[in-house]
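Peer 1:
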Amino acid sequence: MARAAFWHMSSMRKINDAKVVAICDKNEALARRVAKNLRIKSYYADLSEMLDKEKVDVVDICAPPQTHLALATQAMEAGCHVLTEKPMALTTQEADEMIKAARANQVQLCVVHNELFMPVVMKARAMVDEGVVGDVVGVSITDSIARDADLVLNKDHWCHKLPGGIFGEMLPHPIYLVQAFLSGLEPVAVHSRKLGSRDWLAADELRVILEGENGLATITESVNWPEDFMVLDIFGTEMSLHVDIWGAVMTGYAVAGGGGRFSRGGQNLEQGFQRLGGTAATAFNVISGRFRDGHRSVIQQFFESVRTGIGMPVTVEEAREAVRLYQAVTAQI
């Protein structure tokens, strides 16, 4: 059962009128253990059996992306709404089949693009939408999974069988993030390299350059660095934003006035105050229980959409476009 499942479970259990009625995993012992630990009554090793025996409104898929098409289609044909982890699918053909199944069975389909719903990213998007940063001409994302993380060290982890290997697991987040700020993106350069000694990794460093209708984007990914982090930089004609997604802090770089000898020091002080204030605000929200991570926000919005019929937090068109670019990039790794 994927790590994401625990994020999903935690989020769903905070929704007042939603109840987790069953766990399903092909590893029955794992399903039993998770169900027991979380006090969930039923567990299954077969999706068909679960759908036959339980009254299910929503199926939440936290399995590897190679399985999304088959599992989602089966659930939707049983009349269930489907929430699935990223990426929606491995190819646009698979994505189209999932969309077709959702429409044919008149159910909702949504993909968890959770980083879009982190408070600091939502704030950055609002500033862009309001015109505060001017025209966005560039976006850069730096993404790291620590070199000693389980999916890096475990040569049998399913991520190594994805297109692009471990980067097939990492890339969906940067891709949907850059697409939130730039349209019509296409890869113009994809370069991967192996610098470490782990035989099961075909590459452990990745650099991608993307060209869009209104700007350029770069993606830097590594599994050689000592810690997990994700940083988003948005470059505008009036202001640039530095968004530390995992640190939940954003700093802005406005056009500097004057250019005198003290301007550089003043900018440094301003950045320091912004980061200190942002860190204090995030700490307060976490301690007071007001902080909502991206998983919780998108999952709660999904359930609200199912109840009310309002638009999905991530549309199938947005999810498919992310798959299109994902497929184009991973084909070159």
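Residue numbers for the sequence shown follow the working numbering, so the first one is 1496 and each next one is one higher.
Beta carbons are placed, not taken as given, at the ideal position from N, Cα and C, and that holds for glycine.
Output the residue ranges of the alpha helix (DSSP H) runs that lie fully inside the region 1620-1660 and measure 4 residues or longer, sorted by chain position.
Peer 2: Counting only runs of 4 or more, we get 1645-1648.
Peer 1: Taking just the CA atoms, how far does Y1821 sit from G1629?
Peer 2: Looking up residue 1629 in the sequence shown gives position 134. Looking up residue 1821 in the sequence shown gives position 326. Going from the Cα of G1629 to the Cα of Y1821 covers about 28 Å.
Peer 1: Take the Cβ of V1831 as the centre, count every other Cβ of all protein chains shown within 10 Å, and call the residue buried at 16 or more, exposed below.
Peer 2: Examination of residue 1831 is not possible in this model, given that the chain is present from 1496 through 1828 alone.
Peer 1: Return helix, strand or coil for I1714, following the three-state DSSP convention.
Peer 2: Looking up residue 1714 in the sequence shown gives position 219. The answer is strand: DSSP assigns I1714 an E or B state.
Peer 1: Do you know how far the Cα of G1806 is from the Cα of S1800?
Peer 2: Position 305 of the sequence shown, counted from the start, is the residue given in the question as residue 1800. Position 311 of the sequence shown, counted from the start, is the residue given in the question as residue 1806. One C-alpha to the other measures close to 6 Å.
Peer 1: Could you have a look at V1687 and say whether DSSP puts it in helix, strand or coil?
Peer 2: In the sequence shown, counting from the first residue as 1, residue 1687 sits at position 192. Reading off the sequence, residue 1687 comes out as Ser, not Val. Note: S1687 maps to strand in three-state DSSP.
Peer 1: Assuming Q1795 and I1510 are in contact, meaning their beta carbons sit under 8 Å apart, how far apart are those beta carbons, in whole angstroms?
Peer 2: Here residue 1795 refers to the residue found at position 300 of the sequence shown. Here residue 1510 refers to the residue found at position 15 of the sequence shown. Q1795 to I1510, Cβ: 6 Å. Contact.
Peer 1: By a C-beta neighbour count over all protein chains shown, 10 Å radius and 16 as the cutoff for buried, is T1568 buried or exposed?
Peer 2: Residue mapping note: residue 1568 aligns to position 73 of the sequence shown, counting from 1. T1568 is buried by the Cβ-count criterion.
Peer 1: So, using beta-carbon positions, are V1606 and T1579 closer together than 8 Å?
Peer 2: Sequence index remark: in the sequence shown, residue 1606 carries index 111 (1-based). Sequence index remark: in the sequence shown, residue 1579 carries index 84 (1-based). Their beta carbons are under 8 Å apart, which means V1606 touches T1579 by this criterion.
Peer 1: Given this structure, state the Cα-to-Cα distance separating K1548 from V1529, to the nearest angstrom.
Peer 2: In the sequence shown, residue 1548 corresponds to position 53, counting from 1. In the sequence shown, residue 1529 corresponds to position 34, counting from 1. Taking the straight line joining both Cα atoms gives about 19 Å.
Peer 1: Count the other CB atoms, across all protein chains shown, that sit within 10 Å of the CB of H1563; report buried if there are 16 or more and exposed otherwise.
Peer 2: As a first step, residue 1563 is located in the sequence shown; it is residue number 68 there, counting from the start. Classification for H1563: buried.
Peer 1: Answer with buried or exposed for S1543, where buried requires no fewer than 16 other C-beta atoms within 10 angstroms of its C-beta.
Peer 2: In the sequence shown, the residue the question calls residue 1543 occupies position 48. Under this definition S1543 is an exposed residue.
Peer 1: Does the pairing of the region 1700-1711 with the region 1608-1618 give three or more beta-carbon distances under 8 Å?
Peer 2: Counting Cβ pairs under 8 Å, fewer than three are found: no touch.
Peer 1: Use the C-beta contact count for A1749: other C-beta atoms within 10 angstroms, 16 or more gives buried, fewer gives exposed.
Peer 2: For the purposes of this step, residue 1749 is taken as the residue at position 254 of the sequence shown. Burial call: exposed.
Peer 1: Could you give the C-beta distance for V1631 and I1729, rounded to a whole number, given that I count them as a contact under 8 Å?
Peer 2: Taking the sequence shown and counting its residues from 1, one reaches residue 1631 at position 136. Taking the sequence shown and counting its residues from 1, one reaches residue 1729 at position 234. About 6 Å; that satisfies the 8 Å criterion.
Peer 1: Among all the DSSP beta bridges, which residues are the ones paired with D1788?
Peer 2: Counting from 1 along the sequence shown, the entry for residue 1788 is found at position 293. Partner(s): none; D1788 has no beta bridge.
Peer 1: By Cβ distance below 7 Å, which residues in the same chain neighbour K1650 in space, the five residues on each side in sequence not counted?
Peer 2: What you label residue 1650 is simply residue 155 of the sequence shown in a count that begins at 1. These residues qualify, in order along the chain: W1695.
Peer 1: Would you call the region 1671-1686 and the region 1633-1646 touching, i.e. three or more CB-CB distances under 8 Å?
Peer 2: Taking 8 Å as the limit for Cβ pairs, the verdict is that the region 1633-1646 does touch the region 1671-1686.
Peer 1: To the nearest angstrom, report how far apart M1583 and D1739 are at their CA atoms.
Peer 2: By one-based count along the sequence shown, residue 1583 stands at place 88. By one-based count along the sequence shown, residue 1739 stands at place 244. One C-alpha to the other measures close to 25 Å.
Peer 1: Got a sec? Which residues, its chain only, sit under 8 Å from L1690 by beta carbon, not counting five neighbours each side?
Peer 2: Reading the sequence shown from its first residue, position 195 is the one you call residue 1690. Excluding residues within five positions, the ones whose Cβ falls inside 8 Å are D1699, E1700, N1719.
Peer 1: Under 8 Å, do G1789 and E1592 count as touching if we go by C-beta distance?
Peer 2: Looking up residue 1789 in the sequence shown gives position 294. Looking up residue 1592 in the sequence shown gives position 97. Cβ distance not < 8 Å, so G1789 and E1592 don't count as in contact.
Peer 1: Exposed or buried, which one is G1804 when buried takes at least 16 other CB atoms within 10 Å?
Peer 2: Here residue 1804 is taken as the residue at index 309 of the sequence shown, counted from 1. Label assigned to G1804: exposed.
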